[in-house]
Amino acid sequence: MPELPEVETIRRQLAPRVVGATLRTIDVRDPRWCAPLAPAALRDALEGRRVVALARRGKYLDLEFEDDVHLVMHLRMTGTLLYRPAGEVAHTRVHFDFDGAAPLVFVDPRRFGTGELALGAPALAAFFASRLGVEPFDEAFTGAALRERARGRLLAIKPFLLDQRTVAGVGNIYADEALFRAGVHPLRAAGSLRPAQYARLRDAVREALTAGIEARGASIDDFRDLDGARGSYQDRFLVHRREGEPCPVCSTPIRKLVVGGRGTYVCVRCQPPPRLRRRAQAAISSASRPERSASSS
Ligand SMILES: [Zn+2]
Numbered sequence: 004m005p006e007l008p009e010v011e012t013i014r015r016q017l018a019p020r021v022v023g024a025t026l027r028t029i030d031v032r033d034p035r036w037c038a039p040l041a042p043a044a045l046r047d048a049l050e051g052r053r054v055v056a057l058a059r060r061g062k063y064l065d066l067e068f069e070d071d072v073h074l075v076m077h078l079r080m081t082g083t084l085l086y087r088p089a090g091e092v093a094h095t096r097v098h099f100d101f102d103g104a105a106p107l108v109f110v111d112p113r114r115f116g117t118g119e120l121a122l123g124a125p126a127l128a129a130f131f132a133s134r135l136g137v138e139p140f141d142e143a144f145t146g147a148a149l150r151e152r153a154r155g156r157l158l159a160i161k162p163f164l165l166d167q168r169t170v171a172g173v174g175n176i177y178a179d180e181a182l183f184r185a186g187v188h189p190l191r192a193a194g195s196l197r198p199a200q201y202a203r204l205r206d207a208v209r210e211a212l213t214a215g216i217e218a219r220g221a222s223i224d225d226f227r228d229l230d231g232a233r234g235s236y237q238d239r240f241l242v243h244r245r246e247g248e249p250c251p252v253c254s255t256p257i258r259k260l261v262v263g264g265r266g267t268y269v270c271v272r273c274q275p276p277p278r279l280r281r282r283a284q285a286a287i288s289s290a291s292r293p294e295r296s297a298s299s300s
């Protein structure tokens, strides 16, 4: 599933190619892409308008047209955009034709991707406000802000990070990589970190995302960039999908857990498990050695 670095990779490639071009036609071949809006309504709003910007917010792409008209797209699990496709591409859901740019297609085998319309900046702001928290590279994303949001929360820190209202754009890969960099176990209660750990985690989220952007994204499932090329970040994962391999810091074998239904990779030495768990483990190991518990009591 494309996360912030993959979406940003597409944005950086696509922006210089389509900004300034005028949309001639948008052919929505799968109406579910823009439902409940009808494809005809999308055509009325967009056709004949010039593209003035391509922005990103979280994992959303915002294709901005003149007159403050926004087409907000989400790639979800398998969506991708291909520029100047060679012939007809399987699983094409939307086909864009421009004056001043080559054709663009939204390809999406599993069909979870979406395109939505926002008319005017207030509508766009409201759309994002109800779905997304702070941008990770915004100055408002601080350790203190993270700590404030986590206060009193018993939810594990990994699903807390995956909630797009905590910080926009972080998904399964970058959550694992950030938690490893910060030395925080994914099952720690979100509200249980020390103040310095929230600051460290803030930095780690930015570091992991920056590394992903520099590698032009990660291609472990379907992600391809605008020209159909694979990203390379999957070759630089520190822990994600590295079960059994040595931790890059301490050489302890990486373990795989399931947290909130998601495959999760940790170094249990660099990321000490939550205290509650350690206590439970200690209880189990002392129970299995009665001679020791007898001598200590
Ligand atoms: Zn380690």
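Residues 4 to 300 (the working numbering) are what the sequence shown spells out, left to right.
Glycine included, every Cβ here is placed at the ideal spot set by N, Cα and C.
Secondary structure of residue i, DSSP reduced to three states
i	result
Gly266	strand
Thr213	helix
Ile29	strand
Val10	helix
Pro34	helix
Pro19	helix
Ala178	helix
Ala199	helix
Val170	strand
Val208	helix
Pro249	strand
Leu241	coil
Gly146	helix
Phe226	coil
Burial state of residue i, where buried means 16 or more other Cβ atoms lie within 10 Å
i	result
Leu157	exposed
Leu122	exposed
Ala211	buried
Arg205	buried
Ala159	buried
Val261	exposed
Pro311	Residue 311 is absent from the model: the chain starts at 4 and stops at 300.
Per DSSP, cross-strand counterpart(s) of residue i
i	result
Leu260	Thr267
Ala192	Ala159
Pro276	Pro276 pairs with nothing; no bridge assigned.
Val137	Val170
Subject >> Environment of ligand 1 in chain order, Cβ to heavy atom below 5 Å >> reply: Checking every Cβ against the heavy atoms of ligand 1 under 5 Å gives Cys250, Val252, Cys253, Thr255, Cys270, Arg272 and Cys273.
Subject >> Within the stretch 36-121, ranges of the alpha helix (DSSP H) (whole runs, at least 4 residues) >> reply: Fully enclosed alpha helix (DSSP H) runs of 4 or longer: 42-49.
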